[in-house]
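Structure record follows, encoded as structure tokens.
In the numbering used here, the protein residues as written are 2 to 601.
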């Protein structure tokens, strides 16, 4: 019996699970109590009633503040619409639409001077437009960086909403284009009204955009940092503003009822209708904060009743802290390893299961770190060697062919004045002798391609049509050197090998989905389907050793370009080949769109 008890005690000391069960059992027994439950529920009810009264009053004060601010905007619109000088300038513009541009510009400039003070006094107005009845911003077009310049489309969007108004300001929420927003659009408050002359004739529409801060500064004061929700509706019950990130008003069924308040989804919602502007404000305050305060009261009551257990609780905290310290060390070590720090080592504090885990962790990180270093150095050496080998083969390859053909051309025709061809060859030779690690731009790569095509056209291809199309936005994008020339050279060697008349070569560079696309298309002999399949499989399983088939069909150029893309960029960047037999071939390079050159 004594031997069995001794073994059990030893096992318990060595078992983390046994220690954890004993400690947690003691905590559960000491923490079991129901004191304070009724105090918690009663206080919650009292708090909800009191908060409802106070929040309703604050909601009413807030909508009053909003009415004053909206009245200010209406006053600004009144000062613009009924400004006699502005009205006179607009009449002059309407009556002299066919006059010289300077007169029209002078009239519009005069209108801008009249509304200049509005720009200063009302910085929350992000733009202002005066449209004629055809929907053109013919009288005034003023905007800030927050909103892009608006056109007739905003007039046609707003017109149905204010068609029945006599001249009142109509408020609405519209998503407008904005170049400073990542999404390309910005939620904006739009205030619109008809512009009428002294004879009450409608001659245009005044449109003002107001930043969301116009409402948010006041409405967020209502809920503060209490995780509250606010919903502001215009007289037609369209949502103007909300701080609900989901952009939804599904919580607020109060919009369809006359109830002044309601508790829903752990929120206390109250509503207030403006008798002046007919706007509706619904705001909700989270009851979680109230419940949290009641839980604090509950804890105080429980602790007051368990004074005799405080010492025991303190001992549990001390013991658990000491007991779980090895586990904390292990977790910290795992976090460091996850971010790549394989030099991390854990101090072994105990001889139980946690101590065994710590020792195993130290051994594992040491072995893994050593293996990673070995693999990384090996891969780095292989990559550098292969890139240098490919570049070393590629640089002299096409220069040898060009100079050889140039020699025989000049020899047979006895031509001595070939300055342009020699200049092109010199430029290409200088370009090819640059360091292999130095990148270039699409513009420079295309220029070298033009040099090569000039030589090819002058020397060999009389009936050759060349089309080079490059979008302006990709001309300064950086790419690896000598990516295009081997592919174009491959066209003349293979695609045009059996085609004598009307040879067409098209080179296109454009941007799509934040990627750089370069296409080389010819109307040559094309590639058979079976041969194309073998060619793509050869590219997808590219290695540093070429087969006889690779050397014959690819002439080193296609294979080397594909291999360089795989080594330098990896997935999803690639080379694609589309070909139709006897119709032509398109080689497409998909590269990263970068605008910063590397090693210069």
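Glycine is no exception: its CB is placed at the ideal position from the N, C-alpha and C atoms.
Per-residue DSSP class, three states only, for residue i
i	result
residue 243	strand
residue 353	coil
residue 593	strand
residue 603	Shown here, the chain extends from 2 to 601; a query on residue 603 therefore has no answer.
residue 665	Past the boundaries of the shown model lies residue 665; the chain is included only from 2 to 601, so the question cannot be answered.
residue 83	coil
residue 231	strand
residue 215	helix
residue 470	strand
residue 126	strand
residue 548	Low confidence applies to residue 548: its pLDDT is 46, below 50, so where it sits in the model is not reliable, and the reading given next is rough at best. DSSP places residue 548 in coil when its eight states are reduced to three.
residue 94	helix
residue 516	strand
residue 109	helix
residue 238	coil
residue 504	strand
residue 159	helix
residue 145	coil
residue 555	Low confidence applies here, because residue 555 scores a pLDDT of 48, under 50, leaving its location unreliable; read the following figure in that light. Helix.
Among the options, nearest to residue i - alpha-carbon criterion
i	options	result
residue 324	336, 351, 523 and 339	351
residue 387	455, 568 and 222	568
residue 178	582, 162 and 148	148
residue 293	272, 275, 267 and 274	267
residue 348	245, 362 and 216	362
residue 441	498, 518 and 481	481
residue 281	364, 139, 261 and 287	261
residue 236	218, 169, 210 and 198	169
residue 225	210, 160, 63 and 121	63
residue 216	199, 518, 499 and 234	234
residue 516	163, 382 and 594	594
residue 284	265, 300, 297 and 373	265
residue 93	139, 125, 119 and 118	139
residue 484	523, 592, 167 and 585	592
residue 167	186, 192, 359 and 197	197
residue 218	125, 175 and 258	125
Alpha-carbon to alpha-carbon, residue j and residue i
i	j	result
residue 108	residue 205	16 Å
residue 578	residue 478	23 Å
residue 231	residue 221	8 Å
residue 525	residue 513	27 Å
residue 538	residue 530	12 Å
residue 145	residue 454	49 Å
residue 511	residue 561	23 Å
residue 476	residue 508	13 Å
residue 599	residue 368	Because residue 599 sits at a pLDDT of 49, beneath the cut-off of 50, its placement in the model cannot be relied upon, and the point is left open.
residue 446	residue 183	32 Å
residue 486	residue 450	6 Å
residue 115	residue 87	7 Å
residue 588	residue 581	12 Å
residue 274	residue 68	11 Å
residue 497	residue 504	7 Å
residue 495	residue 364	58 Å
residue 95	residue 286	53 Å
residue 133	residue 142	12 Å
residue 371	residue 473	48 Å
residue 519	residue 180	28 Å
residue 186	residue 176	6 Å
residue 106	residue 493	58 Å
residue 471	residue 465	20 Å
residue 297	residue 259	35 Å
residue 75	residue 172	10 Å
DSSP beta-bridge partners of residue i
i	result
residue 581	585
residue 273	282
residue 139	Answer is none; residue 139 lacks a bridge partner.
residue 346	The partner list for residue 346 (beta bridge, DSSP) is empty, contrary to what the question assumes.
residue 263	270
residue 192	172 and 209
residue 572	Beta-bridge pairing links residue 572 to no other residue.
residue 441	480
residue 187	177
residue 287	268
residue 197	203
residue 602	Examination of residue 602 is not possible in this model, given that the chain is present from 2 through 601 alone.
residue 132	206
residue 465	504
Nearest-angstrom beta carbon gap, residue j and residue i [assumed within contact, 8 Å]
i	j	result
residue 340	residue 366	With 8 Å as the limit, residue 340 and residue 366 do not qualify as a contact, their Cβ atoms being about 13 Å apart.
residue 127	residue 189	7 Å
residue 56	residue 288	Between residue 288 and residue 56 the Cβ distance is about 11 Å, and since that is not below 8 Å, they are no contact.
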